[in-house]
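Colleague: Before anything else, here's the structure in question.
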């Protein structure tokens, strides 16, 4: 599992306004962090995300040349146990898209993904 990979996983159970259901997620943590913790940090991909779009927290996959479509919700990072959730690797995003995803999180990404 490495930064930039899209995996299909169920995010249930959830609480409150968290993204739910079986959906693609983007791994934003580095491989070294994922290997050490076995808990990658992911952000969900959704076809909705109107709040995230208007607030500037979403990155669109339109024109990215990927099979996965929708927007990446940069405002909902979380750690998940990919094995326990039966995650399946789908594809890898172009570096330009991954860099755009990491930009909105600013210093948070530097703090969390130091490895």
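In the UniProt record's numbering, the protein residues as written are 1 to 115. Note that beta-carbon positions come from the ideal geometry of N, C-alpha and C, so glycine has one too.
Work out the CA separation of residue 58 and residue 75 for me, nearest whole Å.
Modeller: About 8 Å.
Colleague: Rounded to a whole number of angstroms, what is the C-alpha to C-alpha distance between residue 109 and residue 63?
Modeller: Since pLDDT at residue 109 reaches only 49, below the 50 mark, its modelled position is unreliable, and the value read off the structure follows with that caveat. If I take the Cα positions, the gap works out to 25 Å.
Colleague: State the DSSP-derived secondary structure class of residue 58, mapped to helix, strand or coil.
Modeller: Of the three classes helix, strand and coil, the one that applies to residue 58 here is strand, per DSSP.
Colleague: Going along the chain, which residues of its own chain have a beta-carbon closer than 6 Å to the beta-carbon of residue 10, five neighbours each way excluded?
Modeller: Taken in chain order, the residues that qualify are 22, 85.
Colleague: What are the start and end residues of the alpha helix (DSSP H) that includes residue 36?
Modeller: Where residue 36 is concerned, the enclosing alpha helix (DSSP H) stretches over 31-37.
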